[in-house]
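Heads up: the sequence shown at position 138 corresponds to 138 in full-length UniProt numbering, and the numbers run straight through without jumps.
Note that CB positions come from ideal geometry on N, CA and C, so glycine has one too.
For clarity, every value in this text was computed on a predicted model and none was experimentally measured.
Notes follow the structure.
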Amino acid sequence: MSNETILALHSSQQSQHEPKPASQVELWRYPPQLADANLRAWDAADKYVLQQILDGEITLGNTLLINDAFGALAVSLHQLKTLKLIANIALYSYTDSKVSELALKNNLTRNWPTALHTETNSSVHVLSQTQAFSANNHWQSIIIKLPKSVAYLEFLLIQLVEYLRSSGKTKPAIIIASKAVELTPSIIKLLKSYFKQVVPSRIKQKARYLTLLDPVESTPVFSYWSTTKKPLNGVNYTAAPNVFARGKIDIGGRFLAENLPNCNQKSVIDLGCGNGLLSVNVLQAFTPSLLIASDESAQAVETTLENINNTKDKQQSQTVKVNVIQDDCLTNQASNSADVILCNPPFHQANAVTDHIAWQMFNDAKRVLKVKGELRIVGNRHLGYHTKLKRIFGNCKNIASNDKFVILAAFKINE
């Protein structure tokens, strides 16, 4: 068998029952999207790194994968182990994203249906932030896919340097991979502020990886929390590194916060809570019977909890039950349980523009809302969310609009 990269995307044009060669893995984004198979679950950087591993240019031991969006590296490396093309190394994955975690598990199950993929018995172990960078680990190799957020990248670099200092003996090989165009001079400058040597690979199929060597003795000052300079309704919002609109007030979220429905004595869900702006404004203006804030990002959950705790007064803390949870949209919420759902849906997944997250949010909202319950959203005018809401709910009401955004409401008429 030739040492060729073992990535294969299952597209909507392929039969789901079509057998795949033993040397290939089948990778899907999450949730699986038949409607747009052009959005791949892997990229050229994944292929390049895997080929370099097969060619012996990158040597792996026990490996930590960071920001492996849909599990492409983890699943492919597990397949390489299965085929005995690489050593039987232990594989671990750290991601801030619940969707990425579910994508990894889904792709493992898709390729090995009879395997047991549980947290205690898995071919790839998923770690929390604290677990991944614990000094008790003995990583021999660390592979990072470049994150979209520069602040989150810097956070990861600090974690790596601190891990290397605390772990003492271990000196893992560390590489960071991406499209070559995304490894800009400013990114390389940032990497060099944490590692004395940043060694670039050749560019192949517009992808590149950098090897990070010799951590610096003194790292730059970096604040985990970034706070908005201007308050909104008297509140300065803080945010962890991987939270959308870190250090700023999202203008779409602000517009929705100015046009909230009555939430008094109602069960309210802040879907895709981000920094918790909507949750905080609900608690400022109303006394809901229950407030649930949900996001797929662990750092967003941490951030929302921080902002709620910093602003919730003592009386509210005694009368309002607040739950802040990490979830894939509303997967773990009971049907017919919410009176109001508030949402500022994203239209990006990683670097791809897509509306499937909005579709999932709207469908989940209809399931979770009680009859006569309301979903209220904000979106860019050009996204056409009114069409989606009418298709799902059978109704849509324009609440407010400005030059850029529109606020829409849809009501659950029946089961």
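Cross-strand partners of residue i (DSSP beta bridge)
i	result
S141	T63 and A173
L195	Correcting the residue identity first, residue 195 is Phe in this sequence and not Leu. Answer is P215, bridged to F195.
residue 455	One cannot answer for residue 455 here, as it falls past the ends of the chain, which runs 1 to 415.
K397	A409
I89	According to DSSP, I89 bridges with nothing at all.
residue 425	With the chain covering only 1 through 415, there is no way to say anything about residue 425.
E57	Its beta-bridge partners do not exist; DSSP assigns none.
L232	V235
S178	R208
C343	L271 and I377
A200	The question names Ala, but residue 200 in the sequence shown is Pro. BP columns for P200 point to L210.
L156	According to DSSP, which records beta bridges pairwise, L156 is partnered with nothing at all.
S97	S297
V124	Its beta-bridge partners do not exist; DSSP assigns none.
V161	DSSP lists no partner for V161.
A338	L369
With 16 other Cβ atoms within 10 Å as the buried cut-off, status of residue i
i	result
T114	exposed
G71	buried
Q131	exposed
Y224	exposed
V75	buried
N67	buried
Q79	buried
E217	exposed
I142	buried
S279	buried
I357	buried
D313	exposed
S128	exposed
V378	buried
E57	exposed
D250	buried
S11	Confidence is the limiting factor: at S11 the pLDDT is only 39, short of 50, which leaves the residue's position unreliable and the question unanswerable from this model.
E258	exposed
E154	buried
T227	exposed
Q52	buried
K388	buried
N111	buried
F405	buried
D46	buried
Presumed contact (8 Å Cβ cut-off) between residue i and residue j, rounded CB distance
i	j	result
K372	K397	About 13 Å separates the two Cβ atoms, so there is no contact after all.
P172	Q197	14 Å between Cβ atoms; not a contact.
A44	Q284	Not really, about 47 Å apart at Cβ, beyond 8 Å.
V320	T287	6 Å
S294	C273	6 Å
H125	Y92	5 Å
N62	A90	4 Å
R381	I407	Their Cβ separation, rounded to whole angstroms, is 11 Å, which puts R381 and I407 out of contact at 8 Å.
S167	A135	5 Å
Contact test: residue i Cβ vs the ligand COA heavy atom, cutoff 6 Å
i	result
A69	The model on display carries no ligand, and the ligand COA is accordingly not part of it.
Neighbour flag for residue i against chain B, beta carbons, 7 Å
i	result
T109	No chain B appears in this structure, which consists of one protein chain only.
**OP:** Please determine if the segment 330–350 and the segment 263–271 are in contact, where contact requires at least 3 C-beta pairs separated by less than 8 Å.
**Re:** These segments touch.
**OP:** Please determine if the segment 302–311 and the segment 355–373 are in contact, where contact requires at least 3 C-beta pairs separated by less than 8 Å.
**Re:** Judged by Cβ distances under 8 Å, the segment 302–311 makes no contact with the segment 355–373, as fewer than three pairs qualify.
Original post:
Along the chain, which unbroken stretches of the beta strand (DSSP E) at least 3 residues long are found entirely within the segment 263–327?
Top reply: Taken in chain order, the unbroken stretches of beta strand (DSSP E) that lie wholly in the segment 263–327 and span 3 residues or more are 267–271, 290–295 and 321–326.
Subject >> At least 3 beta-carbon pairs within less than 8 Å: the segment 176–184 vs the segment 202–213 >> reply: The answer is yes - the segment 202–213 touches the segment 176–184, with three or more Cβ pairs under 8 Å.
Original post:
Taking three-plus beta-carbon pairs below 8 Å as touching, is the segment 98–112 in contact with the segment 322–332?
Top reply: The segment 322–332 and the segment 98–112 touch, with three or more beta-carbon pairs separated by less than 8 Å.
Original post:
Looking at C-beta atoms only, is the number of pairs between the segment 143–155 and the segment 50–70 that lie closer than 8 Å three or more?
Top reply: Counting Cβ pairs under 8 Å, three or more are found: they touch.
**OP:** Check whether the segment 179–186 touches the segment 83–92, taking contact to mean three or more Cβ pairs, one atom from each stretch, closer than 8 Å.
**Re:** Too few Cβ pairs lie closer than 8 Å, so no.
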